[in-house]
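Novice: Under the numbering used here, the sequence shown is numbered contiguously, ending at residue 339. Note that the Cβ used here is the ideal one computed from N, Cα and C, for glycine as well. First, the structure itself, so that you have it in front of you.
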Amino acid sequence: MSNLFMAFLLTLFAGLATGIGSFLAFFTKKSNASFLSISLGFSAGVMIYVSFVEILVKSQEALVNYYGSSAGEWVTVLSFFLGILIIGLIDKLVPELENPHEPVSDKNLTIIKEDSLNDKIELQRMGMFSALAIAIHNFPEGLATFASALSDPALGLSIAIAIAIHNIPEGISVSVPLYYATGNKKKAFVYSFLSGLAEPAGAVIGYFIFSFFFNDLVFGVLFGVVAGIMVYISIDELLPTSRKYGKEHQEIYGFIAGMAVMALSLLLF
């Protein structure tokens, strides 16, 4: 199987995890908060560890090879913070209520618990805009997964799994308000499913853009940006949400386990 096909497949898998979240929202009576906390912490551990130990290192190697030692290191650092700036601007431009990087699950649950379901238009609006916001956020994540898998399939697999884990609660944030607004499981699932397709879309568009002039400069900058995006997502979304749902130090245990598994996989593969 070629690296190109594997990269697209892994990106598709990561994106469609939103559909898994939607499915779980419909067919599980009670969410397991501890499992969610540990899983999100694990995902953050994988993404932060691999960003600093593997992706940023590959970025620096490529850029030093292109620019030389001093300039290459500067461009690596600038690329990293450019990635943070890009995803930070996306967060800033997306309204907080519909922003999947701002915890909205509690808002959805509050609406349900208080039986405030009469305002179905507002619930439907929340679900629709959540789907749009998640699609916007998933686009650079898809590019990150694709670029990593294209360079190293084992690395891409680890990143795809980490992103898939954090896409599951995002799928829930789309499907729950839509389902309670419309009573239509199929419609809620479809919108959740479609929001995840932004990840493979990001991969396809990224491939056609970068394949025409792919060299050490493009590779290095892209990997620096990817590292920045992944670190931002971990700090801004995964760790705070993990801590919110966890007990005692569950988010830390998950985080350390994620780093350990990622370290072991890099050593073995």
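Please confirm if D161 has its CB atom under 8 Å from at least one CB of chain C.
Specialist: Within the model displayed, chain C is absent; a lone protein chain is all it includes.
Novice: Starting from N135, trace the alpha helix (DSSP H) both ways and give me its first and last residue.
Specialist: The residue you call residue 135 lines up with position 65 of the sequence shown. Start and end: L126 to Y137.
Novice: Under the three-state reduction of DSSP, which class applies to H236: helix, strand or coil?
Specialist: Start at 1 with the first residue of the sequence shown, and residue 236 comes out as number 166. Correct three-state label for H236: helix.
Novice: Between which two residues does the alpha helix (DSSP H) harbouring F282 extend?
Specialist: For the purposes of this step, residue 282 is taken as residue 212 along the sequence shown, with counting starting at 1. Unbroken run through F282: none, as it is neither H nor E.
Novice: Helix or strand or just coil, what does DSSP make of F325?
Specialist: Position 255 of the sequence shown, counted from the start, is the residue given in the question as residue 325. Note: F325 maps to helix in three-state DSSP.
Novice: From G153 to G298, what distance separates their C-alpha atoms?
Specialist: Residue mapping note: residue 153 aligns to position 83 of the sequence shown, counting from 1. Residue mapping note: residue 298 aligns to position 228 of the sequence shown, counting from 1. Distance between the alpha carbons of G153 and G298: 4 Å.
Novice: Here's the rule: buried if 16 or more other CB atoms are within 10 angstroms of the residue's CB, otherwise exposed. What is A224?
Specialist: To locate residue 224, count along the sequence shown from 1; it is residue 154. Per the 10 Å Cβ criterion, exposed.
Novice: Is the distance from the Cβ of A273 to the Cβ of A77 below 8 Å?
Specialist: Taking the sequence shown and counting its residues from 1, the one referred to as residue 273 is at position 203. Taking the sequence shown and counting its residues from 1, the one referred to as residue 77 is at position 7. For A273 and A77, yes; Cβs fall inside 8 Å.
Novice: Out of F209, L106 and G89, state which residue places its alpha-carbon closest to the alpha-carbon of Y277.
Specialist: Start at 1 with the first residue of the sequence shown, and residue 277 comes out as number 207. Comparing Cα-Cα distances from Y277 to each of F209, L106 and G89, the minimum goes to F209.
Novice: So the alpha helix (DSSP H) F122 belongs to, where does it begin and stop?
Specialist: Numbered from its first residue, the sequence shown carries residue 122 at position 52. No alpha helix (DSSP H) contains F122, which DSSP labels as neither H nor E.
Novice: Of the choices I275, S218 and I235, whose alpha-carbon is the least far from that of V120?
Specialist: Within the sequence shown, the letter at position 50 stands for residue 120. Among I275, S218 and I235, the Cα nearest to that of V120 is on S218.
Novice: Assuming K340 and L248 form a contact by the criterion Cβ under 8 Å, report the distance between their Cβ atoms to the nearest whole angstrom.
Specialist: Since the displayed the chain opens at 71 and closes at 339, residue 340 lies outside it and no answer follows.
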